Amino acid sequence: MFTFLNKAKNYTSLAWLEVDIHSHLLPGLDDGSPDVKTSLAYIDRMETLELFRFFATPHIHSELYPNSAETIRTALDGLREQLPESIRLEAAAEYMIDEGFNGRFTNGHRLLTLPENLVLIEMSSIAESLNIEHTIFQLQITGYRPVLAHPERYVFYHSRPERYAQLKDLGCLFQMNILSPTGYYSPQVKKAAQYLLKKGMVDFVGTDLHHQKHLTAIEKYVLSGEAHRTFKKNPIKNNALAT
(Lines of atoms letter the chains of each structure in order from A and count residues from 1; the text may use other names and numbers.)
(Lines give C-alpha, C1' and ligand atoms only; values in the text may rest on other atoms or scores of the structure.)
Protein backbone atom coordinates (compact mmCIF):
# COMPACT_ATOMS: atom_id res chain seq x y z
CA MET A 1 0.00 0.00 0.00
CA PHE A 2 1.11 3.55 -0.68
CA THR A 3 2.72 5.23 2.32
CA PHE A 4 1.85 8.88 2.88
CA LEU A 5 4.62 10.82 4.60
CA ASN A 6 3.50 12.23 7.92
CA LYS A 7 4.69 15.75 7.35
CA ALA A 8 2.40 18.74 7.02
CA LYS A 9 4.11 20.06 3.88
CA ASN A 10 3.21 16.88 2.02
CA TYR A 11 -0.47 17.54 2.59
CA THR A 12 -0.23 20.63 0.40
CA SER A 13 2.19 19.30 -2.19
CA LEU A 14 2.42 16.36 -4.58
CA ALA A 15 5.26 14.69 -2.69
CA TRP A 16 2.84 11.88 -1.80
CA LEU A 17 2.29 11.06 -5.49
CA GLU A 18 6.03 10.59 -6.21
CA VAL A 19 5.56 10.04 -9.94
CA ASP A 20 3.02 11.23 -12.50
CA ILE A 21 2.23 8.33 -14.84
CA HIS A 22 -0.06 10.22 -17.24
CA SER A 23 0.80 13.58 -18.76
CA HIS A 24 1.01 15.33 -22.11
CA LEU A 25 4.22 17.24 -21.55
CA LEU A 26 6.10 16.35 -24.73
CA PRO A 27 5.84 19.29 -27.11
CA GLY A 28 4.03 19.29 -30.41
CA LEU A 29 2.82 15.68 -30.47
CA ASP A 30 -0.85 15.88 -29.53
CA ASP A 31 -3.34 18.17 -27.79
CA GLY A 32 -0.93 18.77 -24.92
CA SER A 33 2.02 21.14 -24.71
CA PRO A 34 2.56 22.94 -28.04
CA ASP A 35 6.26 23.73 -27.64
CA VAL A 36 9.36 23.24 -25.49
CA LYS A 37 8.97 26.59 -23.72
CA THR A 38 5.49 25.64 -22.53
CA SER A 39 6.62 22.17 -21.44
CA LEU A 40 9.44 23.64 -19.37
CA ALA A 41 7.06 26.12 -17.74
CA TYR A 42 4.60 23.35 -16.81
CA ILE A 43 7.34 21.16 -15.36
CA ASP A 44 8.76 24.07 -13.38
CA ARG A 45 5.40 24.70 -11.75
CA MET A 46 4.91 21.00 -11.00
CA GLU A 47 8.35 20.99 -9.39
CA THR A 48 7.13 23.79 -7.12
CA LEU A 49 4.47 21.31 -5.97
CA GLU A 50 7.32 18.89 -5.12
CA LEU A 51 6.78 16.52 -8.03
CA PHE A 52 10.01 15.63 -9.80
CA ARG A 53 9.36 12.51 -11.84
CA PHE A 54 7.09 12.25 -14.85
CA PHE A 55 6.08 9.80 -17.53
CA ALA A 56 4.96 11.70 -20.61
CA THR A 57 2.26 9.68 -22.34
CA PRO A 58 1.41 11.21 -25.73
CA HIS A 59 -1.70 9.99 -27.47
CA ILE A 60 -1.23 7.31 -30.11
CA HIS A 61 -4.39 7.43 -32.18
CA SER A 62 -4.47 6.13 -35.74
CA GLU A 63 -6.52 9.05 -37.09
CA LEU A 64 -5.78 12.02 -34.86
CA TYR A 65 -2.28 11.47 -33.44
CA PRO A 66 -0.34 8.85 -35.43
CA ASN A 67 2.69 9.04 -33.17
CA SER A 68 5.39 6.38 -33.09
CA ALA A 69 8.28 5.38 -30.87
CA GLU A 70 10.52 7.51 -33.09
CA THR A 71 8.47 10.72 -32.88
CA ILE A 72 8.07 10.31 -29.13
CA ARG A 73 11.74 9.58 -28.55
CA THR A 74 12.79 12.61 -30.60
CA ALA A 75 10.50 14.91 -28.60
CA LEU A 76 11.66 13.36 -25.32
CA ASP A 77 15.35 13.79 -26.11
CA GLY A 78 14.85 17.40 -27.17
CA LEU A 79 13.01 18.30 -23.98
CA ARG A 80 15.37 16.41 -21.70
CA GLU A 81 18.30 18.49 -22.93
CA GLN A 82 16.78 21.57 -21.30
CA LEU A 83 15.53 20.09 -18.04
CA PRO A 84 17.21 20.72 -14.68
CA GLU A 85 18.98 17.77 -13.08
CA SER A 86 16.29 17.55 -10.41
CA ILE A 87 13.71 16.36 -12.96
CA ARG A 88 13.38 12.80 -14.24
CA LEU A 89 11.32 12.59 -17.41
CA GLU A 90 10.57 9.39 -19.27
CA ALA A 91 8.04 8.48 -21.93
CA ALA A 92 5.41 5.87 -22.61
CA ALA A 93 2.17 6.41 -24.54
CA GLU A 94 -1.58 6.56 -24.16
CA TYR A 95 -3.01 4.15 -26.72
CA MET A 96 -6.48 4.56 -28.15
CA ILE A 97 -8.23 1.19 -28.39
CA ASP A 98 -9.30 1.55 -32.01
CA GLU A 99 -9.44 -0.80 -34.99
CA GLY A 100 -5.70 -0.79 -35.47
CA PHE A 101 -4.61 -1.17 -31.86
CA ASN A 102 -4.38 -4.96 -31.59
CA GLY A 103 -2.11 -5.05 -34.60
CA ARG A 104 0.36 -2.84 -32.78
CA PHE A 105 1.39 -5.63 -30.42
CA THR A 106 0.23 -8.89 -32.01
CA ASN A 107 2.69 -8.51 -34.91
CA GLY A 108 5.75 -8.44 -32.67
CA HIS A 109 5.92 -4.65 -32.36
CA ARG A 110 6.66 -3.52 -28.80
CA LEU A 111 4.37 -1.03 -27.16
CA LEU A 112 5.71 1.96 -25.25
CA THR A 113 5.08 1.09 -21.63
CA LEU A 114 5.41 2.32 -18.09
CA PRO A 115 7.61 0.24 -15.76
CA GLU A 116 6.59 -3.38 -15.17
CA ASN A 117 5.11 -3.62 -18.68
CA LEU A 118 2.16 -1.45 -17.74
CA VAL A 119 0.47 -0.10 -20.86
CA LEU A 120 -1.87 2.89 -20.68
CA ILE A 121 -5.00 2.49 -22.80
CA GLU A 122 -8.03 4.65 -23.43
CA MET A 123 -11.36 4.52 -25.22
CA SER A 124 -13.54 7.04 -27.00
CA SER A 125 -15.41 9.26 -24.56
CA ILE A 126 -18.75 8.41 -26.14
CA ALA A 127 -18.72 4.67 -26.83
CA GLU A 128 -17.06 1.60 -25.36
CA SER A 129 -14.42 0.10 -27.63
CA LEU A 130 -15.57 -3.03 -29.41
CA ASN A 131 -14.19 -6.22 -27.89
CA ILE A 132 -12.53 -4.37 -25.00
CA GLU A 133 -12.49 -7.59 -22.97
CA HIS A 134 -10.69 -9.41 -25.79
CA THR A 135 -8.13 -6.61 -26.04
CA ILE A 136 -7.44 -6.73 -22.30
CA PHE A 137 -7.00 -10.49 -22.52
CA GLN A 138 -4.71 -10.28 -25.55
CA LEU A 139 -2.55 -7.67 -23.86
CA GLN A 140 -2.10 -9.91 -20.84
CA ILE A 141 -1.22 -13.06 -22.75
CA THR A 142 1.31 -10.99 -24.72
CA GLY A 143 2.99 -9.99 -21.46
CA TYR A 144 1.47 -6.54 -20.87
CA ARG A 145 -0.47 -5.23 -17.90
CA PRO A 146 -3.30 -2.98 -19.13
CA VAL A 147 -4.09 0.23 -17.28
CA LEU A 148 -7.31 1.95 -18.30
CA ALA A 149 -6.88 5.71 -18.32
CA HIS A 150 -9.52 7.76 -16.47
CA PRO A 151 -12.36 5.17 -16.35
CA GLU A 152 -14.41 7.70 -14.39
CA ARG A 153 -14.67 9.89 -17.50
CA TYR A 154 -16.38 7.36 -19.76
CA VAL A 155 -20.01 8.47 -19.79
CA PHE A 156 -21.20 5.07 -20.97
CA TYR A 157 -20.15 3.58 -17.63
CA HIS A 158 -21.94 6.16 -15.48
CA SER A 159 -25.21 4.25 -15.71
CA ARG A 160 -23.46 0.86 -15.70
CA PRO A 161 -21.07 0.90 -12.72
CA GLU A 162 -21.03 -2.90 -12.74
CA ARG A 163 -18.75 -2.68 -15.79
CA TYR A 164 -15.98 -1.34 -13.57
CA ALA A 165 -15.99 -4.52 -11.49
CA GLN A 166 -16.12 -6.66 -14.63
CA LEU A 167 -13.04 -4.97 -16.09
CA LYS A 168 -11.19 -5.24 -12.79
CA ASP A 169 -12.04 -8.93 -12.63
CA LEU A 170 -10.39 -9.31 -16.04
CA GLY A 171 -7.17 -7.93 -14.57
CA CYS A 172 -7.39 -4.38 -15.89
CA LEU A 173 -5.91 -1.71 -13.62
CA PHE A 174 -7.44 1.77 -13.29
CA GLN A 175 -5.76 5.19 -13.45
CA MET A 176 -7.81 8.11 -12.15
CA ASN A 177 -7.22 11.72 -13.14
CA ILE A 178 -6.34 13.80 -10.10
CA LEU A 179 -8.96 16.44 -10.92
CA SER A 180 -11.87 14.03 -11.40
CA PRO A 181 -13.08 14.05 -7.76
CA THR A 182 -13.26 17.86 -7.81
CA GLY A 183 -16.01 18.10 -10.43
CA TYR A 184 -13.59 19.73 -12.86
CA TYR A 185 -14.83 17.63 -15.78
CA SER A 186 -18.50 17.33 -14.77
CA PRO A 187 -20.72 16.40 -11.81
CA GLN A 188 -21.21 12.97 -13.38
CA VAL A 189 -17.46 12.35 -13.56
CA LYS A 190 -17.13 13.47 -9.94
CA LYS A 191 -19.81 10.98 -8.89
CA ALA A 192 -18.09 8.15 -10.80
CA ALA A 193 -14.74 9.08 -9.25
CA GLN A 194 -16.23 9.01 -5.77
CA TYR A 195 -17.72 5.60 -6.50
CA LEU A 196 -14.39 4.16 -7.64
CA LEU A 197 -12.57 5.64 -4.66
CA LYS A 198 -15.15 4.29 -2.23
CA LYS A 199 -14.84 0.82 -3.78
CA GLY A 200 -11.03 0.96 -3.61
CA MET A 201 -10.71 0.43 -7.35
CA VAL A 202 -8.15 3.15 -8.08
CA ASP A 203 -4.68 1.76 -8.74
CA PHE A 204 -2.88 4.84 -10.05
CA VAL A 205 -3.34 8.61 -10.11
CA GLY A 206 -2.21 10.82 -12.98
CA THR A 207 -2.48 14.52 -13.74
CA ASP A 208 -3.42 14.02 -17.42
CA LEU A 209 -1.94 17.50 -17.74
CA HIS A 210 -2.66 19.05 -21.14
CA HIS A 211 -2.80 22.81 -20.71
CA GLN A 212 -2.72 25.84 -18.46
CA LYS A 213 -6.28 25.44 -17.24
CA HIS A 214 -5.49 21.94 -16.01
CA LEU A 215 -2.36 23.17 -14.27
CA THR A 216 -4.13 26.02 -12.48
CA ALA A 217 -6.86 23.69 -11.23
CA ILE A 218 -4.30 21.11 -10.06
CA GLU A 219 -2.34 23.76 -8.16
CA LYS A 220 -5.48 25.02 -6.40
CA TYR A 221 -6.58 21.49 -5.47
CA VAL A 222 -3.18 20.39 -4.21
CA LEU A 223 -2.39 23.55 -2.24
CA SER A 224 -5.75 23.30 -0.46
CA GLY A 225 -4.71 19.93 0.94
CA GLU A 226 -7.86 18.37 -0.47
CA ALA A 227 -6.02 16.22 -3.04
CA HIS A 228 -4.08 14.49 -0.27
CA ARG A 229 -7.22 13.98 1.80
CA THR A 230 -9.10 12.53 -1.18
CA PHE A 231 -6.55 9.91 -2.17
CA LYS A 232 -4.80 9.07 1.10
CA LYS A 233 -7.03 6.11 1.96
CA ASN A 234 -6.70 4.39 -1.41
CA PRO A 235 -3.94 1.85 -2.13
CA ILE A 236 -2.55 3.73 -5.11
CA LYS A 237 0.60 2.23 -6.54
CA ASN A 238 2.43 5.22 -8.07
CA ASN A 239 5.29 4.86 -5.63
CA ALA A 240 6.05 1.38 -6.99
CA LEU A 241 6.97 3.03 -10.30
CA ALA A 242 9.16 5.75 -8.80
CA THR A 243 12.34 3.73 -8.33
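Under the working numbering, the first residue of the sequence shown is numbered 7, with each subsequent residue one higher.
A virtual CB, placed ideally from N, CA and C, is assigned to each residue, including glycine.
For clarity, every value in this text was computed on a predicted model and none was experimentally measured.
Counting along the chain, the unbroken alpha helix (DSSP H) around residue 111 starts and ends at 107-112. Counting along the chain, residue 140 sits inside the alpha helix (DSSP H) bounded by residues 138-147. A distance below 6 Å between beta-carbons, with the five flanking residues on each side excluded, links residue 156 to the following residues of its chain, in chain order: 183. Under the three-state reduction of DSSP, residue 183 is assigned to strand.
Residue 97 sits close to residue 61, with the two beta carbons spaced by under 8 Å. The residues 35, 64, 66, in chain order, have a CB closer than 6 Å to that of residue 73 in the same chain once the five nearest residues on each side in sequence are set aside.
Residue environment: residue 244 is assigned as buried (16 or more neighbouring CB atoms within 10 Å of its CB, all protein chains considered). Between residue 220 and residue 194 a beta carbon distance of about 19 Å is seen, past the 8 Å cut, so the two are scored as non-contacting. DSSP lists no bridge partner for residue 167.
Taking the Cα positions, residue 103 is about 20 Å away from residue 77. Secondary structure of residue 92 (DSSP, three-state): coil. Check the Cα spacing between residue 105 and each of 75, 87, 69, 50: the tightest is with 69. One thing to note: residue 33 has its Cβ within 8 Å of the Cβ of residue 44.
A distance of 8 Å or more separates the beta carbons of residue 169 and residue 191. According to DSSP, residue 29 shares a beta bridge with 62, 215. A contact is defined here as three or more CB-CB pairs under 8 Å, and the region 139-152 fails this definition with respect to the region 201-221.
About 6 Å separates the CB atoms of residue 48 and residue 31; that is less than 8 Å, so the two are in contact.
The Cβ-Cβ distance between residue 27 and residue 144 does not fall below 8 Å.
Across the set 216, 94, 146, the C-alpha of 146 shows the shortest separation from the C-alpha of residue 117. Residue 227 and residue 241 have their alpha carbons spaced roughly 20 Å apart.
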